[in-house]
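Residue numbers (full-length UniProt numbering): 1 to 184. Glycine is no exception: its CB is placed at the ideal position from the N, C-alpha and C atoms. Keep in mind the model is a prediction, meaning the values are calculated, not measured.
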Ligand SMILES: CC(C)(COP(=O)(O)OP(=O)(O)OC[C@H]1O[C@@H](n2cnc3c(N)ncnc32)[C@H](O)[C@@H]1OP(=O)(O)O)[C@@H](O)C(=O)NCCC(=O)NCCS
């Protein structure tokens, strides 16, 4: 298996949406209503939403590529958080948000996610901002373990709306090494 990691272009939007449809459900608690998951995928993870995010200022999507396939992706956002719970939890400001981080199950446990995380943290550090944060469902033990292994620490909790319900997330952050700013 040879993987490559590079920035998404508009040509990647359809493959990213296909990858998202497989990987988003894996991050949801087992009791999430399938209808809510399906609606979230349709509305938030559509080809059009990926096209918009690829073009959006301050947003960068990295693709984990396995040949022609997209086997995972991450998205960082330079916009600052507005959620009161996030603002009170974070000890670092300003911050990069790690908004999405998903790897296809065929690649779990094989080091691909670590490679994508290393490239994502490098990109985040290139922003020149001193920290990075993310939200992760409190029941997503695998992701929590993965993030902790990769330098994040738990600093608080927040809620994530999925359909009519609110899911409970942990807020994680990590300091970034100082870099000369290169990313927009
Ligand atoms: C989160 C994700 C990127 C991690 O990638 P990965 O290849 O699975 O990560 P790794 O195998 O390197 O690390 C996972 C760790 O969790 C452990 N783990 C696996 N299943 C677990 C479980 N059910 N409970 C607790 N820990 C678990 C593994 O043993 C490993 O820890 P170890 O290295 O100490 O043994 C990947 O699983 C994924 O894409 N999941 C679905 C999408 C998702 O949840 N994304 C995060 C959204 S915030």
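- Beta bridge pairing from DSSP links residue 53 with no other residue.
- The Cβ-Cβ distance between residue 98 and residue 50 does not fall below 7 angstroms.
- Under the three-state reduction of DSSP, residue 159 is assigned to strand.
- Residue 94 is positioned such that its CB atom lies no closer than 7 angstroms to that of residue 87.
- Taking every protein chain shown into account, the CB of residue 22 has fewer than 16 other CB atoms within 10 angstroms, so this residue is exposed.
- DSSP, reduced to helix, strand and coil, places residue 2 outside both helices and strands of the structure shown, so it counts as coil.
- Counting along the chain, residue 42 sits inside the alpha helix (DSSP H) bounded by residues 34-44.
- Taking 7 angstroms as the cut-off, the Cβ atoms of residue 62 and residue 119 count as close.
- Considering only 135, 105, 78, the residue with the shortest C-alpha distance to residue 161 is 135.
- Between the alpha carbons of residue 126 and residue 74 lies a gap of roughly 15 angstroms.
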